[in-house]
Amino acid sequence: MSSHSSTPPHTEKHLQLWIYFLPLVGVVPAIWTLYRTKNSNAIDSQDNPLIDSPQLHQQLKASRRSINLTLMWLCSYMLLAYGAGSGTEIVSFRFLYANAITTTAYFIACTFLMTRLGRKKLFTTD
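So, in structure tokens, the structure goes:
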């Protein structure tokens, strides 16, 4: 028995968007969505039924938000790790502490976005 046929379409859509906000892992499907959409718009814009649909716009928004959040975290993580490697002990400790706070903030932000998406308040059409 397939679980795909028993889930309502709106729940399936939210689960698909929820995957984009998984920390560290969700960036892969987000990049794939942007890449696939970019190529499908250029090649066959008339054959794609998702073009100009609200679902596609939500997917693009979620994937861009996920990629931006991950890139900001990754850049700060690398800069703080580099700073921790090139300093005295107390300075290195402070950089590593800031690195831990940045990583925690990234995971909390992803959890917050997944929670808002679960409550269906992330993409409101007000």
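The opening position of the sequence shown corresponds to residue 154 in the numbering used here, with each subsequent residue numbered one higher. Ideal Cβ positions, reconstructed from N, Cα and C, are used throughout, including at glycine.
Any idea if residue i is buried or exposed, counting beta-carbon neighbours within 10 angstroms, 16 or more meaning buried?
i: Val244; result: exposed
i: Met267; result: buried
i: Ser206; result: exposed
i: His167; result: buried
i: Thr164; result: exposed
Considering only their Cβ atoms, is the gap separating residue j from residue i smaller than 9 Å?
i: Ser229; j: Ala183; result: no
i: Tyr173; j: Gln208; result: no
i: Phe248; j: Leu233; result: yes
i: Trp226; j: Tyr188; result: no
i: Glu262; j: Leu222; result: It should be pointed out that residue 262 corresponds to Ala in this sequence rather than to Glu. Their beta carbons are under 9 Å apart, which means Ala262 touches Leu222 by this criterion.
i: Leu170; j: Ala215; result: yes
Where do the ends of the alpha helix (DSSP H) carrying residue i lie?
i: Gly236; result: Pro207 to Gly238
i: Gly179; result: Here Gly179 belongs to no alpha helix (DSSP H), and DSSP marks it neither H nor E.
i: Thr264; result: Glu242 to Gly271
Considering only the alpha carbon of each residue, which of the options lies closest to residue i?
i: Gly236; options: Val180, Trp226, Leu170 and Asn252; result: Asn252
i: Arg217; options: Glu242, Met231, Gly240 and Lys191; result: Lys191
i: Met231; options: Arg272, Thr186, Thr255 and Trp185; result: Thr255
Can you list, in chain order, the residues of its chain whose CB lies under 6 Å from that of residue i, leaving out five sequence neighbours each side?
i: Gly179; result: Ile172, Tyr173 and Ser219
i: Val181; result: none
i: Thr186; result: Gln212 and Ser216
To which residues of the same chain is residue i closer than 8 Å at the C-beta, ignoring the five residues directly before and after it?
i: Phe265; result: none
i: Leu175; result: Cys263 and Met267
i: Gly238; result: Ser245
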